[in-house]
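Q:
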Amino acid sequence: MTLKVGFIGTGGVAKGHITNLAAIEGVTISAFCDLQLERAETAAKDWTDAKAYSSITEMLDDRKLDAAFVCVPPMAHGEAERALIERGIPFLVEKPLGVNNELPRQLAEQIAGKGLITSVGYQWRYIQSLDQAKSFLESGCIGMSLGYWLGSMPKVPWWRVQHLSGGQFVEQTTHITDLLRYLCGEVVEVYAAYGHRILHELEEGANVADVGTVTMKLANGSVATISNSCMLPAGHKTGLNVYTAQGVVEVQSNGSRIVRNKEEAAAPFALTPNPRVFEDIAFIDAVRTGDPSPIKSSYADSLKTHEVTVAANLSAATGKPVKL
Numbered sequence: 628m629t630l631k632v633g634f635i636g637t638g639g640v641a642k643g644h645i646t647n648l649a650a651i652e653g654v655t656i657s658a659f660c661d662l663q664l665e666r667a668e669t670a671a672k673d674w675t676d677a678k679a680y681s682s683i684t685e686m687l688d689d690r691k692l693d694a695a696f697v698c699v700p701p702m703a704h705g706e707a708e709r710a711l712i713e714r715g716i717p718f719l720v721e722k723p724l725g726v727n728n729e730l731p732r733q734l735a736e737q738i739a740g741k742g743l744i745t746s747v748g749y750q751w752r753y754i755q756s757l758d759q760a761k762s763f764l765e766s767g768c769i770g771m772s773l774g775y776w777l778g779s780m781p782k783v784p785w786w787r788v789q790h791l792s793g794g795q796f797v798e799q800t801t802h803i804t805d806l807l808r809y810l811c812g813e814v815v816e817v818y819a820a821y822g823h824r825i826l827h828e829l830e831e832g833a834n835v836a837d838v839g840t841v842t843m844k845l846a847n848g849s850v851a852t853i854s855n856s857c858m859l860p861a862g863h864k865t866g867l868n869v870y871t872a873q874g875v876v877e878v879q880s881n882g883s884r885i886v887r888n889k890e891e892a893a894a895p896f897a898l899t900p901n902p903r904v905f906e907d908i909a910f911i912d913a914v915r916t917g918d919p920s921p922i923k924s925s926y927a928d929s930l931k932t933h934e935v936t937v938a939a940n941l942s943a944a945t946g947k948p949v950k951l
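Under this note's numbering, think of the first position of the sequence shown as 628, with each following residue one higher.
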């Protein structure tokens, strides 16, 4: 049976998923929805019998979909998810889940009530070498973790506005926070310090912090620091290092490795296939079989990551630690 998939949002992130689905046998994209109808129409031209819409309700009422991808900006969540939940349509939604906790918590409750299959776009979890790294960490004692997302500011206008994007820690660095949870366990307390150094002078209307550091305590007793910046002239570095008495786990967006000695540390970092491909395959397999086990980032689990990033924003605003 061919699965009929719909897209809500057809921007850059959606294009990556669309490319992946084109390579999966037994999947067709039959509907595209975007507030800019011309973008949806452009996307639909590449698929047989696909239609374009500017209304989510119209699309879902007109096309019988087996699954959907929600690829909208942080402030635009809500309408799409509610419509899909109401109709019982499984969906993959891109991170972050929103700009605060209120809406994602409501949606998580509704999803649980329906028993709906969901996935969230934390593709770092699908790095093919990560399972080996995770097993290595589970067999030892984790001391501390250092994470970083250091680069330039995305040029989409909403990203630079705090109440629209949630800021860099919620919108981008959430990937590193999620990776920390996946490898090291739950975060129980955060303390954040943000700064506004230069971005607000260079970009009109910008009010997001352009540097920040978040210190975390984890349930297993280890500690972590994740730092980010969007003031650099170009992308510099993203990743997470986890330090143990047995060695170091190093993770980048396209691979991971275990470093136990100087020779391993000097070796080049081995690249792996695009993890988003495996994320999409896992979601499609779950929809096809009704078994959600291939999915590594359900909505309910991803909500915990989102709550950590929102707590970091609260801590930075109040100057006080926040317990989770």
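Note that CB positions come from ideal geometry on N, CA and C, so glycine has one too.
Is Gly812 near Ala846, with beta carbons less than 7 Å apart?
A: Mapped onto the sequence shown, residue 812 falls at position 185. Mapped onto the sequence shown, residue 846 falls at position 219. Yes, the pair counts as a contact, with Cβ atoms nearer than the cut-off.
Q: Taking only three categories from DSSP, how would you classify Ser854?
A: For the purposes of this step, residue 854 is taken as residue 227 along the sequence shown, with counting starting at 1. Residue state, collapsed to three classes: strand.
Q: Quick one: Cα of Phe796 to Cα of Pro781, how far?
A: The sequence position of residue 796 within the sequence shown is 169, counting from 1. The sequence position of residue 781 within the sequence shown is 154, counting from 1. For Phe796 and Pro781, the distance between alpha carbons rounds to 13 Å.
Q: Skipping 5 residues on each side, what residues in its chain have a beta carbon closer than 6 Å to that of Glu906?
A: Here residue 906 refers to the residue found at position 279 of the sequence shown. Excluding sequence neighbours, Glu906 sits near Gln750 and Tyr753.
Q: Under the three-state reduction of DSSP, which class applies to Ala811: helix, strand or coil?
A: Within the sequence shown, numbered from 1, the residue matching residue 811 stands at position 184. In the sequence on display, residue 811 carries Cys and not Ala. If DSSP states are grouped into helix, strand and coil, Cys811 belongs with the helices.
Q: Alpha carbons only, please: which of Leu692, Cys698, Leu777 and Ser681 is nearest the one belonging to Lys642?
A: As a first step, residue 642 must be located in the sequence shown, where it is residue number 15. When each option's Cα is compared against that of Lys642, the closest is Cys698.
Q: Could you check what DSSP says for Asn868 in three-state terms: helix, strand or coil?
A: On the sequence shown, residue 868 is found 241 positions in, with the first residue counted as 1. Three-state result, Asn868: strand.
Q: Hey, is the stretch 775-791 in contact with the stretch 853-862, meaning 3+ C-beta pairs nearer than 8 Å?
A: yes
Q: Return the chain-ordered list of same chain residues with a C-beta closer than 8 Å to the C-beta of Ile712, the five sequence neighbours on each side being excluded.
A: In the sequence shown, the residue the question calls residue 712 occupies position 85. Answer for Ile712: Leu734, Gln737, Ile738, Lys741 and Leu743, listed in chain order.
Q: Going by alpha carbons, who is nearest to Thr804 out of Arg884, Thr932, Val838 and Pro948?
A: The sequence position of residue 804 within the sequence shown is 177, counting from 1. Nearest C-alpha to Thr804: Thr932.
Q: Does DSSP put Gly639 in a helix, in a strand, or in coil?
A: Along the sequence shown, read from residue 1 onward, the residue named residue 639 stands at position 12. Gly639: helix per DSSP, three-state reduction.
Q: On a CA-only basis, which of Leu791, Thr871 and Asn868 is nearest Val835? Give me that one, please.
A: Position 208 of the sequence shown, counting from 1, holds the residue named residue 835. The candidate whose alpha carbon is nearest that of Val835 is Leu791.
Q: Name, in chain order, the residues that DSSP records as bridge partners for Ile683.
A: Position 56 of the sequence shown holds residue 683. Per DSSP, none; premise fails for Ile683.
Q: Who pairs with Ile885 in a beta bridge, going by DSSP?
A: Numbered from its first residue, the sequence shown carries residue 885 at position 258. Secondary-structure assignment with DSSP links Ile885 through a beta bridge to Val876.
Q: Hey, could you find the ends of the beta strand (DSSP E) Leu845 is sitting in?
A: The residue labelled residue 845 in the question sits at position 218 within the sequence shown. Where Leu845 is concerned, the enclosing beta strand (DSSP E) stretches over Val838 to Leu845.
Q: So Gly774 is in the alpha helix (DSSP H); what residue range does that whole segment cover?
A: One-based indexing of the sequence shown puts residue 774 at position 147. No alpha helix (DSSP H) holds Gly774; the beta strand (DSSP E) holding it covers Ile769 to Leu777.
Q: Quick one: is Pro860 buried, meaning 16 or more other Cβ sit within 10 Å of its Cβ, or exposed?
A: In the sequence shown, residue 860 corresponds to position 233, counting from 1. Exposed, since its Cβ has fewer than 16 Cβ neighbours within 10 Å.
Q: Check Lys950 in the structure and name its three-state DSSP category.
A: On the sequence shown, position 323 is the one that residue 950 refers to. Lys950 falls in the strand class under three-state DSSP.
Q: Quick check: the stretch 898-905 against the stretch 690-708, are there 3 or more CB pairs under 8 Å?
A: no
Q: To which residues of the same chain is Ala939 closer than 7 Å at the C-beta, ignoring the five residues directly before and after it?
A: Position 312 of the sequence shown holds residue 939. These residues qualify, in order along the chain: Phe796, Val817, Ala819 and Val841.
Q: Contact check, Ile645 vs Phe634 under 8 Å by CB: the rounded distance?
A: Position 18 of the sequence shown holds residue 645. Position 7 of the sequence shown holds residue 634. Sure, about 7 Å apart at Cβ, within 8 Å.
Q: Can you find at least 3 beta carbon pairs, one from the stretch 754-765 and one from the stretch 865-877, that sit closer than 8 Å?
A: yes
Q: In this structure, does DSSP put Ile911 in helix, strand or coil?
A: By one-based count along the sequence shown, residue 911 stands at place 284. Of the three classes helix, strand and coil, the one that applies to Ile911 here is helix, per DSSP.
Q: Just to confirm the assignment, what range does the alpha helix (DSSP H) spanning Thr936 have?
A: Here residue 936 refers to the residue found at position 309 of the sequence shown. Looking at the DSSP string, the run of the alpha helix (DSSP H) that includes Thr936 is Tyr926 to Thr945.
Q: What do you get for Asn888, buried or exposed, if any count of 16 or more other CB atoms within 10 angstroms of its CB means buried?
A: Mapped onto the sequence shown, residue 888 falls at position 261. Burial call: exposed.
Q: Let me make sure I understand the geometry here. Which of Ala833, Gly839 and Phe896 has the alpha-carbon closest to that of Gly946?
A: For the purposes of this step, residue 946 is identified with residue 319 of the sequence shown, where counting begins at 1. Nearest option by C-alpha distance: Gly839.
Q: For Gly767, tell me which candidate among Arg787, His863, Leu810 and Gly774 has the shortest Cα-Cα distance.
A: For the purposes of this step, residue 767 is identified with residue 140 of the sequence shown, where counting begins at 1. Residue Leu810 is the option with its Cα nearest to Gly767.
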